[in-house]
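Residue 412 in the working numbering sits at position 367 of the first sequence, with consecutive numbering throughout.
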Amino acid sequence: MPEFLKDIKRTHDCGGLRASDVGTRAVLFGWVASRRDHGGCVFIDLRDRGGITQVVFEPGVSADAHTLAGELRSEFCIGVAGVVHDRGERRNPNMPTGDVELHCDQLTIFSRSDTPPFEIVDNSTANETVRLKYRALDLRRPSLQRNFLLRSQIYQTARRVLSGHRFLEIETPFLVKYTPGGARNFLVPSRLTPGTFYALAESPQLFKQLFMVAGFDRYFQIVRCFRDEDLRQDRQPEFTQIDLEMSFVIEEDVQAVVESLMVALWKDVLNLDIVAPFPRLSFAEATALYGSDKPDLRFGLPLCDVSDVVRKHNGGNVDMLQKAIAATGPEPGVVKAWRLPAAEASRMSNAEVDKLEEFVKGLGARGLARARIGAAGAWTRSPMKTMSEAMRQDLNAAAGLQEGDLFFLQFGPGKLVNTVLGGLRLHVANKLNLIPKNQWKFAWVTEFPLLERSDDGKLVASHHPFTSPMAEDLDKLESAPAEVRARAYDLVLNGNEIAGGSIRIHRADVQSRVFKAIGLTEEDARAKFGFLLDAFRHGPPPHGGIAAGLDRLAMLLCGADSLRDVIAFPKTQKGTDLCTEAPAPVTSKQLEELHIALTHIEP
RNA sequence: GGGGUGGUAGUUAAGUUUGGUUAUAACGCCGGCCUGUCACGCCGGAGGCCGCGGGUUCAAGUCCCGUCCACCCCGCCA
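Okay, structure coming up:
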């Protein structure tokens, strides 16, 4: 008696059989996706990662197999052998294998299954919580299997493209020295040196710069990074980057490599031809027009800065606007407007418009000044009734307002105004379905500010302290440091930041001026990055690089809604893994070994 | 740290506004019948700490307070 696995080997996967296989014997292994038991005749949909094939059990073909098939239930793992038959008139056009079926004459049940906690189907309605708990079952769903197939293709393409550009794949440590600034690190206690800690690397940044000093010239790595920050739909505490660094380059060289990678990814994964080079816009343009440094360019509807108009009229007899432009300090007050043209505005009821105020309050706004434009530029339903006619007319002209338009004003610190109006632009566009599907709008956002104010008003590096300032702004490093632009660039796709990088500083004099600008003394710098500064004393090449978020790329290429659908074992928003129940307490013995005592919390 | 949405059979939801008999449905599950289904069909059945803890009340899924969990967002993410 021939045995499955030993004598009877798999001949196809469950997506492979076609009309051309009719008449041949085939052996399939997989899981019972569904059964339709007609008593005298049993149908099984058999699923594996390749697809689904209908298997038929009839007493006339094999009484044993037919009897055993009566025991089959969802998610039993089985092997079947038999002859491939043409389904003729009864074919199923909805399945790739729908022209054929396997008439099973040998069946083995490898293992049985409890009733699954949710149905293993593509359009599963099961709550994500229960799916994450039973992640292995969730990962059986064809749509998730496809996501990981595409993700695997991304690794292959990245390696092929970058190797083709002479990049060397070299690994860097995860257990690294804690460096302050930037993302919060996960800490790992050292048992061998009690009282000291490693940090989990938030990125290989400093190591890849050492590679350039080492003369590797071009490095890349598909690398896990760890950041102990709050999670989002597009942010996980551990995530994967396609990280690269190149010597003897300027911005365009790095960007060209990334563009070639994107072109190849879209071709290999989606068989789409995207056009490079991608358009460029400066950080100043992006935030001015879209209120964001990662603008969604699939639709227009830009913002409009009307600070000058309001300033010219000294607030136009509206108290809150007067106060807004009078604000001074590190964050001068701005007034920005957003116009929703009549065609779209007519699709929003006044009640819906009023609801937008609640939405923007959630973004941190105090309120939402707004108006519907009536005949002859009159403002209706506006809370700013005291506004002077002169300023109203100037605002109409500045924003290009026409009858039927909706008009929104936001004022205050520039960053908040941009968050609010940029968020409103996206919110309304989503609500009104103004964002075209199946479009890929890549863009480089360039000329980021080198420095920014932290909460306590001190200047900090906005990217990292090794980012090179733009040559034309170098002389402002001491006189107007906040205005210095960096040789930094982000790649943006459909409103997502998918890569970010910069040309680095390789000159010691520039590096110490940047340290000085962020209030870092020579001693501080040595304590924090001494190993890098030491290396840079021995002929560092000019260099720059970038890191692309592989998970976000996978999410976009898969059309997934969340990073959790392209990461095999993702964390929840509180950073827990519902499948393994990490993080978890450890024993007091383990803590003792590490010389760690818990305060306030019992182990 | 802050704002919002949700939690009711295995699953997805209704019921909560206005407290009142035995908490409803679909899918799934179990048993029976069925040789052409593919959302199979027909007959029968089981299945509930209404997230958890307190309170108000003659009476709480429903009202109040607290808390936990999940999701979305702001801050944060050099």
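For every residue, glycine included, the Cβ atom is placed at its ideal position computed from N, Cα and C.
Can you tell which of the options has the C-alpha that lies nearest to the C-alpha of residue i?
| i | options | result |
| --- | --- | --- |
| Arg411 | Ala387, Arg498, Pro458, Arg384 | Pro458 |
| Met14 | Ser499, Val398, Gln367 | Beyond the ends of the chain as shown, which are 46 and 648, falls residue 14; an answer cannot be given. |
| Met46 | Thr142, Leu152, Ile89, Ile97 | Leu152 |
| Leu522 | Leu479, Ala371, Gly422, Val505 | Val505 |
| Ala627 | Leu636, Lys634, Phe614 | Phe614 |
| Pro141 | Cys59, Ser633, Ala593 | Cys59 |
| Pro587 | Gln278, Asp262, Asp450, Asn395 | Asp262 |
| His111 | Gly407, Gln99, Asp150 | Asp150 |
| Ser248 | Asp622, Lys634, Ile591, Arg609 | Ile591 |
| Asp279 | Thr644, Val611, Lys634 | Val611 |
| Gly407 | Gly502, Ala642, Val465, Arg609 | Val465 |
| Cys603 | Arg196, Arg415, Glu134, Arg132 | Arg196 |
| Phe323 | Ala553, Asn539, Gly260, Arg582 | Asn539 |
| Trp311 | Glu216, Lys357, Gln198, Pro340 | Gln198 |
| Asp596 | Asp52, Phe88, Tyr200 | Tyr200 |
| Leu601 | Val537, Ala580, Val145 | Val537 |
| Leu276 | Gly422, Asp622, Asp569, Glu638 | Asp622 |
| Ala369 | Pro239, Gly378, Arg384 | Gly378 |
State the CB to CB distance for the pair residue i and residue j, rounded to an integer number of angstroms; the pair is presumed to be in contact (CB under 8 Å).
| i | j | result |
| --- | --- | --- |
| Phe49 | Gly124 | 4 Å |
| Ala244 | Leu232 | 6 Å |
| Lys77 | Leu117 | The residue asked about is misnamed: residue 77 is Val in this sequence, not Lys. Val77 to Leu117, Cβ: 5 Å. Contact. |
| Gly449 | Ala387 | 3 Å |
| Met257 | Pro585 | 7 Å |
| Val294 | Gly589 | 6 Å |
| Gly620 | Pro282 | 5 Å |
| Arg343 | Lys486 | 5 Å |
| Ala382 | Phe452 | 6 Å |
| Asn268 | Thr202 | The question names Asn, but residue 268 is Val in the sequence shown. The pair is not a contact, with the Cβ atoms about 17 Å apart (cut-off 8 Å). |
| Leu91 | Val100 | 5 Å |
| Arg80 | Phe88 | 7 Å |
Around the C-beta of residue i, are 16 or more other C-beta atoms found within 10 angstroms, so that it is buried, or is it exposed?
| i | result |
| --- | --- |
| Ala442 | exposed |
| Gly127 | buried |
| Arg63 | exposed |
| Pro648 | Legend: pLDDT at Pro648 = 42, less than 50; position of this residue unreliable, no value from coordinates given. |
| Ser391 | exposed |
| Leu147 | buried |
| Thr69 | exposed |
| Ser337 | buried |
| Gly575 | exposed |
| Ser208 | exposed |
| Thr98 | buried |
| Ile165 | buried |
| Gln300 | buried |
| Gln254 | buried |
| Thr425 | exposed |
| Leu643 | exposed |
| Gln455 | buried |
| Gln438 | exposed |
| His508 | buried |
| Arg571 | exposed |
| Gln635 | exposed |
| Lys51 | exposed |
| His640 | exposed |
| Ala372 | exposed |
| Gln266 | buried |
| Asn192 | buried |
| Lys54 | exposed |
| Phe155 | exposed |
Nearest-angstrom Cα distance between residue i and residue j?
| i | j | result |
| --- | --- | --- |
| Leu471 | Ala171 | 28 Å |
| Val129 | Thr285 | 43 Å |
| Pro161 | Cys86 | 25 Å |
| Lys177 | Thr617 | It is Leu, not Lys, that sits at residue 177 in the sequence shown. Whole-angstrom Cα-Cα distance: 9 Å. |
| Leu346 | Glu528 | 28 Å |
| Pro526 | Phe511 | 15 Å |
| Val631 | Ala228 | 26 Å |
| Ala593 | Cys624 | 28 Å |
| Leu182 | Phe74 | 17 Å |
| Ile215 | Val106 | 57 Å |
| Leu578 | Ala321 | 37 Å |
| Arg186 | Arg582 | 54 Å |
Practice prompt. Count the C-beta pairs between the segment 531-547 and the segment 488-502 that are closer than 8 Å, then say yes if the count reaches three, no if not.
Written response: yes
Worksheet item: Should the segment 330-340 be regarded as contacting the segment 311-321, the criterion being three or more beta carbon pairs within less than 8 Å?
Response: no
Practice prompt. Please determine if the segment 502-521 and the segment 549-565 are in contact, where contact requires at least 3 C-beta pairs separated by less than 8 Å.
Written response: yes
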